[in-house]
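Read the structure below first, then the notes.
2 protein chains.
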Amino acid sequence: MTASPPLHPDLAPLAFLLGTWTGHGQGEYPTIEPFGYGETITFSHVGKPFLIYDQRTTHDDDGRPLHKETGFWRPAGPGRVELVLAHPTGIVEIQEGTLEGTTIDLKTTAVARTSTAKDIEALTRHVDVDGDVMRYSLEMAAVGRPLTPHLRAELHRSG
Amino acid sequence: MTASPPLHPDLAPLAFLLGTWTGHGQGEYPTIEPFGYGETITFSHVGKPFLIYDQRTTHDDDGRPLHKETGFWRPAGPGRVELVLAHPTGIVEIQEGTLEGTTIDLKTTAVARTSTAKDIEALTRHVDVDGDVMRYSLEMAAVGRPLTPHLRAELHRSG
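Put into structure tokens, the structure is as follows:
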């Protein structure tokens, strides 16, 4: 529609995330069968000091949609990152943490849920980018269990 | 990419929202100058029991991006709707309320914010759809003020 606006200077430390990333991950949790998934993540911007974040995964077996989440990544001063996320499971989440070079470590600082949502207490998220390769891992505290490994994936920048 | 999947039966009461809506609105608040804005809202689905919601506004004066929010609308039993939203201002929000025909009334049931976010306490949202015309109004409680009219707009379905 319109030409891409210039990057907001506050976004420079997070510019290494911009683009579309696709790849494959593995999921596990004590209460479920392990599973493999395909994933696409897009980071974009509109010239303002936040990244627009969109994500979706599909099941390896039949390509059916699995998870989707959407939100914004915000620089929050030197070495700090904030994440605001909405999940279609009825959960919204604030994560905050650190940025060192191209490595991000975040943990949940607040969760809110709708009346009918499942019980997820907290997540941690470790993201590491090496050129056009992104690796992440995620731990989840849910259904009464402490933070436990849940997801890990390797994605490649495709655009 | 892939053909559109069948609508999840739980989504039927909200199917009247599907599509892309564009139009114009007016903003006001005791602490700001009134302003006009253009808006595009998209409701889509992936065959699961939620609507994917994406929204953006631009300023009438120069077309610069104003607000953006993203999240999911969820049917929550007969006559009930839940909304999970992320705002790039560092705020996540749960709204819950009622659906009567094609009229939706929602209010904030939970808000969480990042360390650097501004202080928004609550919003109410009234949405009314008449065929391909959507009208909404929004009240906001922020910066120490009670719920006060903030936005109203009329949008037309364009796809």
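Order-wise, the sequence lines are chains A and B. Using my numbering, you'd call the opening residue of the first sequence number 693 and step up by one each time. Using my numbering, you'd call the opening residue of the second sequence number 693 and step up by one each time. From the three backbone atoms N, C-alpha and C, an ideal C-beta is built for every residue, glycine too.
Membership of residue 735 of chain B in the beta strand (DSSP E) is indicated by the continuous run 724-736. In the DSSP annotation of this structure, the continuous segment of the beta strand (DSSP E) that includes residue 751 of chain B starts and ends at 743-751. Chain A has no Cβ within less than 8 Å of the Cβ of residue 700 of chain B.
In chain order, 803, 805, 809, 812 place their CB closer than 7 Å to the CB of residue 783 of chain A, counting only its own chain and leaving out the 5 sequence neighbours on each side.
In terms of Cβ geometry, residue 720 of chain A and residue 842 of chain A form a close pair [threshold 8 Å]. Residue state for residue 791 of chain A is assigned as strand, using DSSP reduced to three classes. When DSSP assignments are scanned along the region 791-826 of chain A, the uninterrupted stretches of beta strand (DSSP E) that are 3 or more residues long and fall wholly within it turn out to be 795-805, 812-822.
At a cut-off of 8 Å between beta carbons, residue 815 of chain A makes no contact with chain B. Taking the Cβ atoms as the reference, residue 764 of chain A lies roughly 11 Å from residue 773 of chain A, outside the contact range of under 8 Å. Within the region 838-849 of chain B, no residue has a Cβ lying closer than 8 Å to any Cβ of chain A. Per the C-alpha coordinates, the member of B/727, B/730, B/742 positioned closest to residue 781 of chain A is B/742. For the pair residue 791 of chain A and residue 705 of chain A, the CB atoms are nearer than the 8 Å cut-off. Proximity of residue 716 of chain B to chain A, defined by a Cβ-Cβ separation below 8 Å, is not satisfied. The Cβ atoms of residue 826 of chain A and residue 819 of chain A lie closer than 8 Å to each other. In the three-state reduction of the DSSP assignment, residue 699 of chain A falls in the coil class. Cβ atoms of residue 712 of chain B and residue 850 of chain B come within 8 Å of each other, at about 5 Å. Contact of residue 778 of chain B with chain A by beta-carbon distance below 8 Å involves 762, 763, 764, 776, 777, 778, 784. Between residue 700 of chain A and residue 740 of chain A, the CB-CB gap stays under 8 Å. Between residue 715 of chain A and residue 733 of chain B, the alpha-carbon positions lie close to 29 Å from each other. In chain order, 766, 768, 774, 775, 776, 786, 787, 788, 801, 802 make up the part of chain A whose C-beta sits under 9 Å from the C-beta of residue 806 of chain B.
The alpha-carbon of residue 710 of chain B is positioned some 9 Å away from that of residue 744 of chain B. In the three-state DSSP reduction, residue 705 of chain B falls in the helix class (H, G or I). With 16 or more other CB atoms across the displayed protein chains lying within 10 angstroms of its CB, residue 817 of chain A is buried.
A distance below 8 Å separates the beta carbons of residue 837 of chain A and residue 722 of chain A.
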